[in-house]
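Student: One structure follows; several queries about it will come next.
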Amino acid sequence: MSVMNQVVNSPVDDSLSQRAKAYQGFTRQVFEGTIRAGQFVSQRELMTLLDMPLGAVREMIPRLEAAGLVKTVPQRGLQIAHVDLRLIRNAFQVRSMIEREALLHFVHTATDAELEAIEASHHRILARAAAPDALQDATLLDEAQALDWGLHDRMVDALGNDIISDQYRVNSLRVRLIKLEQSVITPGRLIPAMQEHLRFIEALRARDGAKAATLLEEHISSARNRVMHAPLEQVRNEWGVSPTPHFDPLPTDNTRRHVWTPISTAFGPRFCCPSPTTAR
1304 MSVMNQVVNS
1314 PVDDSLSQRA
1324 KAYQGFTRQV
1334 FEGTIRAGQF
1344 VSQRELMTLL
1354 DMPLGAVREM
1364 IPRLEAAGLV
1374 KTVPQRGLQI
1384 AHVDLRLIRN
1394 AFQVRSMIER
1404 EALLHFVHTA
1414 TDAELEAIEA
1424 SHHRILARAA
1434 APDALQDATL
1444 LDEAQALDWG
1454 LHDRMVDALG
1464 NDIISDQYRV
1474 NSLRVRLIKL
1484 EQSVITPGRL
1494 IPAMQEHLRF
1504 IEALRARDGA
1514 KAATLLEEHI
1524 SSARNRVMHA
1534 PLEQVRNEWG
1544 VSPTPHFDPL
1554 PTDNTRRHVW
1564 TPISTAFGPR
1574 FCCPSPTTAR
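Residue numbers (my numbering): 1304 to 1583.
Below, the structure written as structure tokens:
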């Protein structure tokens, strides 16, 4: 089972410490999109959100701060990591380094049966995404994301190295915050990602580690570019319906709306960082 599925679908282990339970709950809220990048939240709000006592929340905060997932802002409370170019660059660089090493191991250890099953799952999702009624497929995007993250999690966990897996889990939270903040997934944007997966899965089945690693790097680069390039209006047009993204507004008093502004960097012009303005 993938790391994401374990976090989202598994009940909290009663044997865990209160602090560990609180951290697991925080992780779940990030994956489900309840906690979002740049959001301000108080310790008492986290108590309610995580259904944990204040002591457990307070014990969890240093761990989140050490991972760069939150910071304490005087007189404002806790702020979830804000998405900017530096976070995007750093998070995707860490992801690339870990996943490349994991893939070069996985290409030799994954069984033919496992790779065949992974490939078949991708073809099923791809067929659903390409169907005329894809926009009405209520479970497509959630299942596709679980499959996407599940493959990457599986490769990393196959290393059998708890330290690397733990670091990858933390970085996955950063990447997840970036993706939730910077892009809205639609069936049309799902198809290229599935096709990229199928290309490096084919190389894995051929036991061609060098080719698979190159294709994985291209996939990660494409994922980074997707969150850096696409203005929100483009994504809205792909849905062809309501201008409201598919996620719900934050259930807090400091709910924000996003105005997408182009910025110039060493990478060239990007539609990247939302400028927060108070919702009206």
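All residues carry an ideal CB built from backbone N, CA and C; glycine is no exception. On a predicted model such as this, the values are computed, not experimentally measured, just so you know.
Just tell me which of A1513, H1408, Q1448 and Q1498 has its CA closest to the CA of G1463.
Tutor: H1408
Student: Measuring CA to CA, which of L1367, R1529 and Y1471 is closest to I1639?
Tutor: Any question about residue 1639 goes unanswered here, given that the chain covers just 1304 to 1583.
Student: Counting pairs of beta carbons, one from the segment 1509 to 1525 and one from the segment 1470 to 1486, are three or more of them closer than 8 Å?
Tutor: no
Student: Do you know whose CA, among S1525, E1505 and A1526, lies nearest L1406's CA?
Tutor: E1505
Student: Pull the bridge partners of Q1375 from the DSSP assignment, please.
Tutor: According to the sequence provided, residue 1375 is Thr. The question's Gln does not apply to it. DSSP lists L1381 as partners of T1375.
Student: Assuming N1393 is part of the alpha helix (DSSP H), what are its boundary residues?
Tutor: L1388 to T1412 is the span of the alpha helix (DSSP H), which, as asked, contains N1393.
Student: Suppose you measure from the CA of Q1346 to the CA of P1490; what does that come to, to the nearest Å?
Tutor: 37 Å
Student: Just reading off the alpha helix (DSSP H) that D1330 is part of, what are its end residues?
Tutor: Note that residue 1330 is Thr in the sequence shown, not Asp. Its alpha helix (DSSP H) spans residues Q1321 to E1335.
Student: Here's the rule I'm using: 16 or more other beta-carbon atoms within 10 Å means buried, otherwise exposed. How should H1426 be labelled?
Tutor: exposed
Student: Contact defined as beta carbons within less than 8 Å: I believe L1480 pairs with V1397. What is the distance between those atoms, to the nearest angstrom?
Tutor: About 14 Å separates the two Cβ atoms, so there is no contact after all.
Student: State the beta-bridge partners of V1587 as determined by DSSP.
Tutor: This structure cannot settle anything about residue 1587, because the visible part of the chain is limited to 1304 through 1583.
Student: Would you mind stating whether A1413 and A1359 have Cβ atoms separated by less than 8 Å?
Tutor: no
Student: Taking the C-alpha atoms as reference points, what is the distance between D1469 and D1436?
Tutor: 39 Å
Student: Return the first residue and the last residue of the alpha helix (DSSP H) that R1361 is part of.
Tutor: Membership of R1361 in the alpha helix (DSSP H) is indicated by the continuous run L1357 to A1369.
Student: Quick check on the burial criterion: 16 or more other C-beta atoms within 10 angstroms. Buried or exposed for H1500?
Tutor: By the beta-carbon neighbour count (other beta carbons within 10 angstroms, threshold 16), H1500 is buried.
Student: For H1455, does the count of other Cβ atoms within 10 angstroms reach 16, so buried, or fall short, so exposed?
Tutor: buried
Student: If you draw a straight line from the alpha carbon of E1446 to that of V1410, how long is it in whole angstroms?
Tutor: 24 Å
Student: If you reduce the DSSP assignment to three classes, tell me which class N1528 lands in.
Tutor: helix
Student: With H, G and I counted as helix, E and B as strand and the rest as coil, what does DSSP make of N1474?
Tutor: helix
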